[in-house]
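Engineer: Be aware that the sequence shown starts at 4, since it is given in our numbering, and climbs by one per residue.
From the three backbone atoms N, C-alpha and C, an ideal C-beta is built for every residue, glycine too.
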Amino acid sequence: LTVCFGNVMMYSSYNRFTNNVNRDVTVVTIMDTLTSMLAGLIVFGVIGHLAHVTNAPDLSKVVRGGGGLAFITYPDAIAKFTFWPQFFAVAFFLMLFVLGIGSIVGMATTIMT
4 LTVCFGNVMM YSSYNRFTNN VNRDVTVVTI MDTLTSMLAG LIVFGVIGHL AHVTNAPDLS
64 KVVRGGGGLA FITYPDAIAK FTFWPQFFAV AFFLMLFVLG IGSIVGMATT IMT
(Lines of atoms letter the chains of each structure in order from A; the text may use other names.)
(Lines give C-alpha, C1' and ligand atoms only; values in the text may rest on other atoms or scores of the structure.)
Protein backbone atom coordinates (compact mmCIF):
# COMPACT_ATOMS: atom_id res chain seq x y z
CA LEU A 4 0.00 0.00 0.00
CA THR A 5 2.74 2.47 0.84
CA VAL A 6 4.52 1.91 -2.48
CA CYS A 7 1.99 4.20 -4.19
CA PHE A 8 2.37 6.91 -1.52
CA GLY A 9 6.04 7.53 -2.28
CA ASN A 10 7.57 5.93 0.82
CA VAL A 11 10.14 4.01 -1.22
CA MET A 12 11.34 7.18 -2.95
CA MET A 13 11.45 9.03 0.37
CA TYR A 14 13.55 6.34 2.06
CA SER A 15 15.83 5.98 -0.98
CA SER A 16 16.52 9.72 -0.92
CA TYR A 17 18.46 9.16 2.31
CA ASN A 18 20.95 6.82 0.56
CA ARG A 19 24.35 7.92 -0.73
CA PHE A 20 24.65 8.17 -4.51
CA THR A 21 27.27 5.37 -4.53
CA ASN A 22 25.15 3.01 -2.42
CA ASN A 23 25.37 -0.69 -3.39
CA VAL A 24 21.75 -1.26 -4.41
CA ASN A 25 22.30 -4.87 -5.53
CA ARG A 26 23.51 -5.87 -2.07
CA ASP A 27 20.60 -4.06 -0.40
CA VAL A 28 18.04 -5.73 -2.68
CA THR A 29 19.56 -9.16 -2.03
CA VAL A 30 19.63 -8.72 1.74
CA VAL A 31 16.10 -7.31 1.93
CA THR A 32 14.70 -10.05 -0.32
CA ILE A 33 16.34 -12.86 1.66
CA MET A 34 15.31 -11.40 5.02
CA ASP A 35 11.73 -10.80 3.82
CA THR A 36 11.46 -14.36 2.54
CA LEU A 37 12.83 -15.87 5.76
CA THR A 38 10.57 -13.68 7.90
CA SER A 39 7.50 -14.63 5.86
CA MET A 40 8.35 -18.33 6.10
CA LEU A 41 8.84 -18.09 9.87
CA ALA A 42 5.57 -16.17 10.28
CA GLY A 43 3.72 -18.73 8.18
CA LEU A 44 5.17 -21.58 10.21
CA ILE A 45 4.08 -19.92 13.45
CA VAL A 46 0.59 -18.97 12.22
CA PHE A 47 -0.21 -22.40 10.81
CA GLY A 48 1.28 -24.07 13.89
CA VAL A 49 -0.98 -22.05 16.17
CA ILE A 50 -4.04 -22.68 14.00
CA GLY A 51 -3.28 -26.40 13.83
CA HIS A 52 -2.85 -26.57 17.60
CA LEU A 53 -6.16 -24.76 18.14
CA ALA A 54 -7.88 -27.18 15.75
CA HIS A 55 -6.37 -30.12 17.66
CA VAL A 56 -7.34 -28.76 21.09
CA THR A 57 -10.91 -27.91 20.09
CA ASN A 58 -11.35 -31.14 18.05
CA ALA A 59 -12.50 -29.09 15.08
CA PRO A 60 -13.19 -31.28 12.04
CA ASP A 61 -12.27 -28.48 9.65
CA LEU A 62 -9.77 -25.61 9.93
CA SER A 63 -12.40 -23.17 8.69
CA LYS A 64 -14.12 -23.60 12.08
CA VAL A 65 -10.97 -22.30 13.81
CA VAL A 66 -9.63 -19.74 11.33
CA ARG A 67 -11.05 -16.27 11.02
CA GLY A 68 -9.20 -14.52 8.20
CA GLY A 69 -8.14 -10.90 8.01
CA GLY A 70 -8.33 -8.92 11.22
CA GLY A 71 -10.08 -11.81 12.93
CA LEU A 72 -6.83 -13.77 12.89
CA ALA A 73 -5.00 -11.11 14.90
CA PHE A 74 -7.86 -10.04 17.16
CA ILE A 75 -9.82 -13.27 17.69
CA THR A 76 -7.80 -16.39 16.85
CA TYR A 77 -4.43 -15.35 18.31
CA PRO A 78 -5.85 -14.04 21.61
CA ASP A 79 -7.76 -17.31 21.90
CA ALA A 80 -4.50 -19.22 21.46
CA ILE A 81 -2.67 -16.96 23.93
CA ALA A 82 -5.44 -17.49 26.51
CA LYS A 83 -4.67 -21.21 26.42
CA PHE A 84 -1.03 -20.67 27.46
CA THR A 85 -0.11 -22.24 30.78
CA PHE A 86 2.72 -19.80 31.46
CA TRP A 87 1.84 -16.08 31.87
CA PRO A 88 -0.99 -15.73 29.34
CA GLN A 89 -1.73 -12.15 30.46
CA PHE A 90 1.87 -11.08 29.86
CA PHE A 91 1.95 -12.56 26.36
CA ALA A 92 -1.45 -11.03 25.52
CA VAL A 93 -0.23 -7.58 26.55
CA ALA A 94 3.04 -8.11 24.66
CA PHE A 95 1.16 -9.21 21.51
CA PHE A 96 -1.19 -6.22 21.48
CA LEU A 97 1.67 -3.87 22.35
CA MET A 98 3.55 -5.25 19.34
CA LEU A 99 0.53 -4.60 17.08
CA PHE A 100 0.27 -1.06 18.46
CA VAL A 101 3.97 -0.33 17.87
CA LEU A 102 3.76 -1.72 14.32
CA GLY A 103 0.79 0.55 13.63
CA ILE A 104 2.59 3.60 15.03
CA GLY A 105 5.65 2.78 12.90
CA SER A 106 3.52 2.59 9.77
CA ILE A 107 1.88 5.91 10.58
CA VAL A 108 5.26 7.56 11.18
CA GLY A 109 6.52 6.25 7.83
CA MET A 110 3.51 7.65 5.99
CA ALA A 111 3.66 10.98 7.82
CA THR A 112 7.38 11.29 7.04
CA THR A 113 6.60 10.83 3.36
CA ILE A 114 4.11 13.68 3.45
CA MET A 115 6.45 15.99 5.39
CA THR A 116 9.55 15.51 3.19
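(1) Please classify LEU53 as buried or exposed, where buried requires at least 16 other C-beta atoms within 10 Å of its C-beta.
(2) When the distance is taken between beta carbons, is ILE81 closer than 8 Å to PHE95?
(3) In whole angstroms, give me the CA-to-CA distance for ARG26 and GLY43.
(4) For the alpha helix (DSSP H) containing SER39, list its first residue and its last residue.
(5) Alpha carbon to alpha carbon, what distance is there between ALA59 and ALA77?
Structural biologist: According to the structure shown:
(1) The sequence position of residue 53 within the sequence shown is 50, counting from 1. Result: buried.
(2) Position 92 of the sequence shown, counting from 1, holds the residue named residue 95. Position 78 of the sequence shown, counting from 1, holds the residue named residue 81. Yes; because the gap between Cβ atoms is below 8 Å, this pair is in contact.
(3) In the sequence shown, counting from the first residue as 1, residue 26 sits at position 23. In the sequence shown, counting from the first residue as 1, residue 43 sits at position 40. If I take the Cα positions, the gap works out to 26 Å.
(4) Residue numbering aside, residue 39 sits at position 36 when the sequence shown is read from its first letter. First-last of the alpha helix (DSSP H) with SER39: 24-56.
(5) Counting from one through the sequence shown, the residue named residue 77 turns up at place 74. Counting from one through the sequence shown, the residue named residue 59 turns up at place 56. Correcting the residue type first, residue 77 is Tyr in the shown sequence and not Ala. Each residue's Cα considered, the two are about 16 Å apart.
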